[in-house]
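Heads up, the thing below is written out as structure tokens.
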Amino acid sequence: MIKKIHILFVLVFVMGVSGFAQEKLITKANEKYDEYSFSPAIDIYKKVLDRGYASADLLKKLGNSYYFNADYEDAAKTYKRLVDEYPDEIGPEYYFRYAQTLKTLEDYGASKEAMAKFVEATSDDARATAYKDEQDYLNDIKRNSGRYNVSPFQYNSPYSEFAPSFYKEGLIFSSDRDTGNFARYRHTWNSKDFLDLYKVNADSVSKGTVIKFGDHVNTRLHESTSTVNQAGDILYFTRNNFKAGKYVKDENGVIRLKVFKAKMVEGVWSDIEELPFNSNEYSVAHPALSHDEKTLYFASDMPGTLGESDIFRVSINEDGTYGTPENLGSVINTEARETFPFITSEDVLYFSSDGHPGLGGLDIFGTKVANGRLDGNVMNVGEPVNGRMDDFTFIFNEETRGGYFASNRSEGQGADDIYTFLETKPLLIDCEQAISGVVRDKISNEPLIGASVKVINENNDEIMSAITDAEGRYNILVDCTQGNFVRAMTEGYIPSEEYLGKSDGEPKTIDFYLERDSVTAGFGDDLAKLLQLSTIYFDFNKYNIRKDSEIEVEKVIAAMEKYPSLRIKVNSHTDSRGKDSYNLWLSQKRAESTVNYMVKKGIAKERLDSEGFGETKLINQCANGVKCSDKDHELNRRSEFIILE
């Protein structure tokens, strides 16, 4: 995917990763390593699985680890093995997650099969009901599609045209048509010919022809994305950092983007000045004026940005000064790219994003921001405006219902082309359900401050997110015309989620109680508990490790391989049946048997110790003379792995 967005944003944003951040990550990893911070981690469980030891429990945990980390390809492989090999040991939730991963990978046939098994396994789940009511979920995802009649812009060329903006009776747009070689500056910033602004049908001079826009506006670097006031005498536009005829680089050698303002004076664009919130160290670009001309929207990677680039807005004061730029927040902005804003006369903000759920690359979205609102639904405008490639620089006239956008789709003439459209049906935005609640630690019941609560659609795409406040509370809005997951997650805890089907929009409370996914180990801790091992049982009157327990010992071995300085003591126990002296001997043999198994698997003997306790540490009431079931007695025939250092 090579297009102007790479030149105008990706290059300047991606290069902002600092060595300091890398060092911080390495330090954090080292701290976790030194502290023996054990978790049901992917590396440990995968290592055990690769050695040929499998169980339903292991595959569940490994599959979930991939799933919650958005590694859907490995999640699908793991869930497939789970449902194929252990169909009687899993609940319907795993069929559903398997179906979700397959759908994300566009294996729709297999996804439907897995979803059908999910429906068979449950009768009272809202997801099953919704699936029965409407199994053609692909059309549901694209419910906003088919609302536009799209045709190519008649002034496209074999080169690149994009960034249309309304100007008088025509358009301003950006193009490289005079360079004769678009590829020449695709990989370098040293060429003299870059993007310039052009106009068409804007006045009697240029009617029906394309000419360059304003001799004083275009330079030998990039100019793009513009917006003009209704009087047509104030222009905001994007340009590379260019001063006194020379380009300016940041400390990393990157030429950043800035927004400039120009005034029409006696028929000439002049008094060009950069806006005061520009910087040599970050980019400010793609301006868009509100209908009342009191607010300027733009995109930037300035401090406070949530992702690669965010949408911001700033007030324009009556005296021509500016307020403080405001990030539009986590409902509109994501961890990825939000860029190319446009605001309509009815306060609908359109922008491009590859962080919100889309059809591929950058897609165009709309959301209402009337009365300062920033928490409304963000809606994909659907096909044919959006497609598998990048779609961006969308502008729209609410009165005529017509507009323009750019795309790098394959049927175009150049690298990017402008398309014109007529909207035949309004974008549906206003079906919202307010969700609120508290995120807590499951054990302590303490509120979890700063936890993320994300809304995930049925295609496993994140729609929006919120952060819990000082009381662990969150508030979000979901689209009540479709099913969504509400997922709570924070570092050090296992994510939890709840599914919400289509609704009438009534507010709903969802509280989450998260379990820790790691526990910092120390002297005397039981590694079996930290690794969430199933109990390692022994058959009655025997001390060899049972086949169904080998996989649990393999997890301990994998952990010891990961932490070479770790030493443990194996404690073994028996039930109360038999003589006390015999049970003491038997338990010692069981402890030694466990150690011997681990030594044969490559763990140094000096890192292991063992002790048998016989029946002296029963965990239930099944003492001598007490009648208990075989199952109750089995609970006492166990091994523990106590950390020595």
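Under our numbering, read the sequence shown as residues 1 to 645, first letter to last. Glycine included, C-beta positions come from ideal geometry on N, C-alpha and C. Just so it is clear, the structure is predicted and the values come from calculations on it, not from any experiment.
Range of the contiguous beta strand (DSSP E) that encloses residue i
i, result
"Glu-498", "496-500"
"Phe-166", "161-167"
"Val-83", "From DSSP, Val-83 is part of no beta strand (DSSP E) but of the alpha helix (DSSP H) over 72-85."
"Glu-462", "462-467"
"His-286", "284-289"
"Gly-170", "170-175"
"Asn-484", "484-489"
"Glu-446", "First-last for Glu-446: undefined, no H or E at that position."
"Ser-353", "348-353"
"Tyr-236", "234-240"
"Asp-250", "Premise fails: Asp-250 is in no beta strand (DSSP E) and is neither H nor E."
"Asp-642", "Note on residue identity: the sequence assigns Ile, not Asp, to residue 642. Per DSSP, Ile-642 belongs to the beta strand (DSSP E) from 639-643."
"Ser-315", "310-315"
"Asn-457", "452-457"
Three-state secondary structure (DSSP) of residue i
i, result
"Lys-368", "strand"
"Asn-149", "strand"
"Pro-158", "coil"
"Val-228", "strand"
"Pro-564", "coil"
"Ala-21", "In this prediction, Ala-21 has a pLDDT of 43, which is less than 50 and means its spatial position is unreliable; nothing more can be read from the coordinates."
"Arg-473", "strand"
"Leu-62", "helix"
"Ala-558", "helix"
"Glu-266", "coil"
"Lys-261", "strand"
"Asp-575", "coil"
"Glu-606", "helix"
"Asn-327", "strand"
"Ala-299", "strand"
Cβ-based burial, residue i [other Cβ within 10 Å; buried from 16]
i, result
"Lys-555", "buried"
"Thr-424", "exposed"
"Pro-676", "Because residue 676 is not part of the residues shown, which for the chain are 1 to 645, the question remains open."
"Glu-134", "Residue placement at Glu-134 is flagged as unreliable, the pLDDT there being 43, under the threshold of 50; the coordinate-derived value follows with that caveat. Result: exposed."
"Val-12", "With a pLDDT of only 36 at Val-12, under 50, the local geometry of the prediction cannot be trusted, and no value is derived from it."
"Arg-638", "buried"
"Glu-211", "Looking at the sequence shown, residue 211 is not Glu but Ile. Ile-211 should be labelled exposed."
"Ala-591", "buried"
"Asn-156", "buried"
"Val-265", "exposed"
"Phe-96", "buried"
"Glu-223", "buried"
"Gln-621", "exposed"
"Ser-345", "exposed"
"Pro-341", "buried"
"Asn-371", "exposed"
"Phe-312", "buried"
"Tyr-94", "buried"
"Gly-625", "exposed"
"Asn-317", "exposed"
"Gly-614", "buried"
Residue from the options whose Cα sits closest to the Cα of residue i
i, options, result
"Thr-295", "Val-369, Val-486, Ser-224", "Val-369"
"Tyr-499", "Ile-42, Asn-484, Lys-168", "Asn-484"
"Val-268", "Leu-105, Phe-298, Asp-215", "Asp-215"
"Val-284", "Val-259, Arg-337, Gly-578", "Val-259"
"Met-389", "Glu-411, Ser-610, Tyr-86", "Glu-411"
"Thr-219", "Pro-507, Thr-209, Ile-234, Thr-238", "Thr-238"
"His-356", "Ile-456, Ile-619, Ser-534", "Ile-456"
"Glu-335", "Gly-307, Arg-147, Gly-320", "Gly-307"
"Gly-170", "Ser-593, Arg-143, Val-200", "Val-200"
"Ser-309", "Val-83, Asn-333, Ile-467, Ser-290", "Asn-333"
"Tyr-53", "Ala-99, His-573, His-633, Ser-549", "Ser-549"
"Phe-166", "Asp-539, Phe-405, Glu-606", "Phe-405"
"Gly-524", "Val-570, Asp-517, Gly-501", "Val-570"
"Asn-475", "Pro-447, Gln-433, Tyr-493, Lys-502", "Gln-433"
"Gly-501", "Asp-479, Glu-552, Tyr-98", "Asp-479"
"Asn-445", "Gln-482, Ala-488, Phe-512", "Phe-512"
Alpha helix (DSSP H) segment containing residue i, residue limits
i, result
"Asn-596", "580-600"
"Ser-111", "108-121"
"Pro-92", "92-104"
"Lys-46", "42-50"
"Glu-634", "630-634"
Checklist line | Every unbroken alpha helix (DSSP H) inside the segment 508-556 [4 residues or more] | finding: 527-530
Next item on the list: With a floor of 3 residues, list each beta strand (DSSP E) that falls wholly inside the segment 377-443, ordered by position along the chain.
Entry: 391-397, 402-407, 417-423, 432-441
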